[in-house]
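Okay, so the first sequence: first residue is -16 according to our numbering, each after it adds one. Using N, Cα and C, we set each Cβ at its ideal position, and we do this for glycine too. Accompanying notes for the structure given below.
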Amino acid sequence: MPRVRFAPSPTGYLHIGSARTFIFNWLYARHNNGTMILRIDDTDIERNTQTSLDSIFDGLKWLDLAWDEFYRQSDRLDLHKQAAEEILARGAAYRDFTPMSTEAEDKSHGDAPWLFFPEMRNMPREESDRRAAAGEPFVLRFRVPRENRASVEFKDIVYGEQSKATADIEDFALLRSNGQPTYHMASCADDVAMKISHVIRGQDHLTNTFKHVLIFEALGSEPPHFAHLPLLIAPDGAKLSKRKHGPVVSVTTYRDGGFLAQSYVNFLCLLGWSPKNDREVMTREELVELFTLEGVNRSNATVNFTEEDPFDPKAVWLNAENIRTLPLEDLAKQLVPFAQAAGFVGADEARLLQIAPLIRERIRTLREIATTADFFFAEELPPYDVNELIPQKGDLAMAGTALHKAHQILQSAEFSHDGLEAALKAGASDLKVKAGQMFQPIRVAVCGRKVAPPLFETLVVLGRETALHRITQALAMLQMAPPAGNES
RNA sequence: GGCGCUAUCGUCUAACGGUUAGGACGGAGCCCUCUCAAGGCUUAAAUACGGGUUCGAUUCCCGUUAGCGCUACCA
-16 MPRVRFAPSP TGYLHIGSAR TFIFNWLYAR HNNGTMILRI DDTDIERNTQ
34 TSLDSIFDGL KWLDLAWDEF YRQSDRLDLH KQAAEEILAR GAAYRDFTPM
84 STEAEDKSHG DAPWLFFPEM RNMPREESDR RAAAGEPFVL RFRVPRENRA
134 SVEFKDIVYG EQSKATADIE DFALLRSNGQ PTYHMASCAD DVAMKISHVI
184 RGQDHLTNTF KHVLIFEALG SEPPHFAHLP LLIAPDGAKL SKRKHGPVVS
234 VTTYRDGGFL AQSYVNFLCL LGWSPKNDRE VMTREELVEL FTLEGVNRSN
284 ATVNFTEEDP FDPKAVWLNA ENIRTLPLED LAKQLVPFAQ AAGFVGADEA
334 RLLQIAPLIR ERIRTLREIA TTADFFFAEE LPPYDVNELI PQKGDLAMAG
384 TALHKAHQIL QSAEFSHDGL EAALKAGASD LKVKAGQMFQ PIRVAVCGRK
434 VAPPLFETLV VLGRETALHR ITQALAMLQM APPAGNES
């Protein structure tokens, strides 16, 4: 049974690329009846923050993604150091006493890549031990076996056979001069200890993997399987970064923007993976069912956003698709916080349940309830242009007669879809106007604008009293309006 | 600079070496219709470039170009 892990370092917020990595790991685990491990890679004490950790939990909670085991690397430093000692004892690592500043200097001049310092690598063990015992600080470096080995190789499940000349791998650090393990050391030591079977992570680690293979070998253990994921990039081709691209890189932006977790997970899955059968809208169960690492592709995927429109159109479409098919009760429930944020009074679940069927084909994000359902909650309609009341091929006078008639009809009509339809259509034919010419003034009178949900349902939800009141107001506005009558 | 990875419509992607290069989003148009949506139909739009291999290359190989990644005592 596979054991996979998602290992974020708490140095930011939950990045959408990280979220996708979690999802792919999770999908792989669920598909194969495996174990999903969340491991916080916080070996760099200076850069970790609690808020970042909170944001990771927040994001995962929203996405409703759970894990089976949880660890923090900072609780396991002893194990990592022990592993490093083991590697040193086996002669696969050496102490580098070069002061930090010197090294930086050395790197800056010449464009030849820094690989190692022969004096340090070849230092006799006795001298090394003596200087260490004397308390001289050092960084522990991996002794890359360049003399007796030409290359390091591994097979990536996504990218295929990988090989790199040992001559091109530098003697990387295992332990910092303060004794703390580096990412490479901690990560591999933990992968061994946690019996990780598959490492599924971003492609930015593909070249690091050669180092990791070396560490696994030095630790005397079989390397896990590796599957690297293509990166998510911005439309400008750059890696997504908060500094450069703003809040679009944080999953909470999508949550606050009114996305359903399901849509967002679905969207992320489509970036860099395909079920190969043209399926696009998938439930979580279907995703689990369909997901395989073989379906992951190799080229970076662009998240399509602009400054004006921070959300990828495909994500928006997927969300609209999900909103339309969500059971009304669920939709109403999810709408509550957004309705409240919009300042709607009386927007409780019951009320929203009445409105949901009228707007669900008209909102693409939950947040859009703010602009599509406002008139259901307004005590008084915000002012609108009287001319809006004028129907197609009509004038203010026609609007007036239509509204008078409507007012009359609505006083006694049965407030149901069919009742209203019959009554209002009859009214239109009485006035010898087209149905649309009758409906449009009413719509504007009760909604305050031309673009709105279907009229009869809207009237039912609004109720007789409100409808009548708003029509009366519209009539009043018409009276105040300058006598037009010059439309011919 | 060195090393590695990648390259199909604007975007996400499909295509055992043989397809009129498919689908989706977005765009355009039409239909439906009480407005707006939703839905239906139609349409424009791609194999980076150059060489091979092959009867035949989107597909395999080489080169060029471009993009990305790694090259830290970050992860």
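Counting every other CB atom within 10 Å of its CB across the protein chains shown gives residue 351 a total of 16 or more, marking it as buried. One Cα belongs to residue 121, the other to residue 55, and the distance between them is close to 26 angstroms. Counting of Cβ neighbours within 10 angstroms places residue 193 among the buried residues, the total reaching 16 or more.
Take the alpha-carbon of residue 162 and the one of residue 27: they are about 12 angstroms apart.
Excluding the 5 residues flanking it on each side, residue 325 has same chain C-beta neighbours closer than 6 angstroms at 353, in chain order. Under the DSSP assignment, residue 25 falls outside any beta strand (DSSP E); it carries neither an H nor an E label. Distance check between residue 291 and each of 243, 231, 278 places 231 closest, using alpha-carbon atoms only.
Put simply, the backbone Cα of residue 459 is about 22 angstroms away from that of residue 441. Closest in alpha carbon position to residue 428, among 456, 135, 266, is 456. Burial state of residue 190 is exposed, judged by a 10 Å Cβ sphere holding fewer than 16 other Cβ atoms. Where residue 431 is concerned, there is no enclosing beta strand (DSSP E), because DSSP gives it neither an H nor an E.
Distance from the Cα of residue -7 is smallest, within the candidate group 36, 4, 20, 208, for 36.
C-alpha of residue 413 to C-alpha of residue 445: approximately 25 angstroms in a straight line.
Of the candidates 10, 0, -2, 10 places its Cα closest to the Cα of residue 274. Cβ contact annotation for residue 277 (same chain, cutoff 8 angstroms, sequence separation greater than five): 140, in chain order.
With contacts defined as CB atoms closer than 9 angstroms, residue 76 and residue 201 qualify as a contacting pair.
Sequence-distant Cβ neighbours of residue 18 in its own chain, meaning closer than 8 angstroms and more than five residues away, are -16, -15, -14, -13, 12, 51, 52. For residue 388, the enclosing alpha helix (DSSP H) starts and ends at 379 to 395. DSSP places residue 42 in the uninterrupted alpha helix (DSSP H) bounded by 33 to 46. If you look at residue 112, you'll find it in the alpha helix (DSSP H) that goes 108 to 116.
Around the beta-carbon of residue 423, 16 or more other beta-carbon atoms lie within 10 Å, marking it buried.
Residue 374 has its alpha-carbon roughly 12 angstroms from the corresponding atom of residue 432. Taking the C-beta atoms as reference points, residue 48 is found nearer than 9 angstroms to residue 248.
Per DSSP, reduced to three states, the secondary structure at residue 123 is strand. When the Cα atoms are used, residue 62 and residue 175 turn out to be separated by approximately 11 angstroms. Annotation for residue 70: 76, 201 place their beta carbon closer than 6 angstroms to its own, counting only its chain and skipping 5 residues before and after. Here the alpha carbon of residue 24 sits roughly 47 angstroms from the alpha carbon of residue 341.
Going by C-alpha positions, residue 322 is about 31 angstroms away from residue 269. Spatial neighbours of residue 338 in its own chain (CB-CB distance under 7 angstroms, excluding positions within 5 residues in sequence) are listed in chain order as 356, 359, 444.
A distance below 7 angstroms between beta-carbons, with the five flanking residues on each side excluded, links residue 259 to the following residues of its chain, in chain order: 278.
Residue 31 and residue 319 have their C-alpha atoms roughly 35 angstroms apart. Nearest C-alpha to residue 103 among 257, 165, 78: 78.
By the C-beta density criterion, residue 317 is buried, having at least 16 other C-beta atoms within 10 angstroms.
Assignment of residue 50 by DSSP, reduced to helix, strand and coil, places it in the coil class. Within the same chain, Cβ atoms closer than 8 angstroms to the Cβ of residue 266 are found at 245, the five residues on either side in sequence being excluded. In terms of CA proximity to residue 242, 301 leads the group 301, 107, 252, 20.
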